[in-house]
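Q: One structure is given below, represented as structure tokens, and several questions about it will come after.
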Amino acid sequence: MKRRDALGRVALLMGGTLSAPTMIAFLEGCKSADESASALSFPFTAERKSLVSEVAEIIIPKTDTPGAKDAKVGDFIEKMLKDCYAAKDQDGFNQGLKELEKKDFMKVSPDEQTKILKEMEASAKEEIAKAADEKKKYTEAGKEYSEAHVPFFRLMKELTLLGYFTSEAGATQALDYVPVPGRYDGCIDYKPGQKAWAM
74 MKRRDALGRV ALLMGGTLSA PTMIAFLEGC KSADESASAL SFPFTAERKS LVSEVAEIII
134 PKTDTPGAKD AKVGDFIEKM LKDCYAAKDQ DGFNQGLKEL EKKDFMKVSP DEQTKILKEM
194 EASAKEEIAK AADEKKKYTE AGKEYSEAHV PFFRLMKELT LLGYFTSEAG ATQALDYVPV
254 PGRYDGCIDY KPGQKAWAM
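So for the sequence shown, our numbering puts the first residue at 74; every next one is plus one.
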């Protein structure tokens with residue numbers, strides 16, 4: 074599967090939107106070590122890896138299909154951040170992890186964890202809306218706008234979905250998967266309760 078095809082399919086799963094840094098990272102490929110140097114240290118410590126994996130598991134929990142931990146989404150997120158994202162996005166991600174660590178995310182109850190993540194999601198939406206307004210003001214004034222980093226929760230959610238639905242577990246067990254597709258049928262009716270097709 075080509076990168077552009079996979080990106081388009083994950084964008085559809087997310088409701089049609091991916092942030093510009095995620096699209097750029099996915100389409101451009103990996104960066105050299107000096108291009109991606111930041112405050113975020115790689116490899117992640119065991120605690121950081123557990124934290125990232127736990128957040129991913131809350132986003133895509135294990136049900137009758139594998140969860141994010143089963144698909145090793147934490148490892149995927151670490152690899153993508155290290156190799157494909159600019160320093161400003163790595164730093165923004167690092168700030169989000171620090172915020173979770175300050176709130177003792179791994180020690181609080183599952184309900185409290187969900188509450189913390191919902192607050193971060195609301196904050197990310199506000200931050201994105203504010204950045205869009207600022208960009209519009211700069212454009213109207215004829216000035217160049219410097220893109221801000223992607224908010225932590227937005228980037229975490231994008232990478233979780235991207236990692237999960239492009240993993241073997243996600244593509245073959247969470248979606249309908251045909252390993253060797255037959256002829257192309259452009260219009261197939263879905264049956265009630267049927268999974269979306271893996272592409």
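The beta carbon of each residue, even a glycine, is placed where N, CA and C say it ideally should be.
Predicted model only: the values in this text are computed from it and were never measured.
Once DSSP output is grouped into helix, strand and coil, what is the label at residue 249?
A: strand
Q: Please classify residue 298 as buried or exposed, where buried requires at least 16 other C-beta atoms within 10 Å of its C-beta.
A: The requested residue 298 is not part of the displayed model; the chain covers only 74 to 272.
Q: With 16 as the cutoff for other CB atoms within 10 Å, does residue 141 come out buried or exposed?
A: Its Cβ being crowded by 16 or more others within 10 Å, residue 141 is buried.
Q: Whole angstroms are fine: how far does the CA of residue 225 sit from the CA of residue 193?
A: 8 angstroms
Q: Could you pull out every unbroken alpha helix (DSSP H) segment of at least 4 residues lying fully inside the region 132 to 195, listed in chain order?
A: 146 to 157, 160 to 175
Q: Would you call the region 225 to 237 and the region 128 to 135 in contact, with 3 or more CB pairs under 8 angstroms?
A: yes
Q: Check whether the Cβ atoms of residue 154 and residue 168 lie closer than 8 angstroms to each other.
A: No, the pair does not count as a contact, with Cβ atoms beyond the cut-off.
Q: Check whether the Cβ atoms of residue 144 and residue 257 sit closer than 8 angstroms, and answer yes or no.
A: no
Q: So, for residue 117: in the same chain, excluding its five sequence neighbours on each side, which residues have a beta-carbon less than 6 angstroms away from its beta-carbon?
A: 151
Q: Can you check which of these residues, 121, 228, 128, 259, is closest to residue 165 by C-alpha distance?
A: Comparing C-alpha distances from residue 165 to each of 121, 228, 128, 259 shows the shortest one belongs to 228.
Q: Quick check on residue 259: buried or exposed, where buried means 16 or more other Cβ atoms within 10 Å of its Cβ?
A: exposed
Q: Taking the straight line between their C-alpha atoms, what separation do you get for residue 220 and residue 206?
A: 12 angstroms
Q: Residue 268 to residue 175, Cα distance in whole Å?
A: 39 angstroms
Q: How would you label residue 146, buried or exposed, when you count the other beta carbons within 10 angstroms and need 16 or more for buried?
A: buried
Q: What residues in its chain sit with their C-beta under 6 angstroms from that of residue 222, if we drop five residues either side in the sequence?
A: 161, 162, 165
Q: Under 6 angstroms Cβ to Cβ from residue 271, same chain only, skipping five residues before and after it: list those, please.
A: 244, 248, 250
Q: So which of 123, 125, 137 has the shortest CA-CA distance to residue 242?
A: Comparing Cα positions, the closest option is 137.
Q: Leaving out five residues on either side along the sequence, give the residues of the same chain with a beta carbon under 7 angstroms from the beta carbon of residue 285.
A: Any answer about residue 285 is impossible in this case: the structure gives the chain only from 74 up to 272.
Q: For residue 128 and residue 266, I'd like the C-alpha separation in whole angstroms.
A: Spanning the alpha carbons of residue 128 and residue 266 requires a straight line of approximately 27 angstroms.
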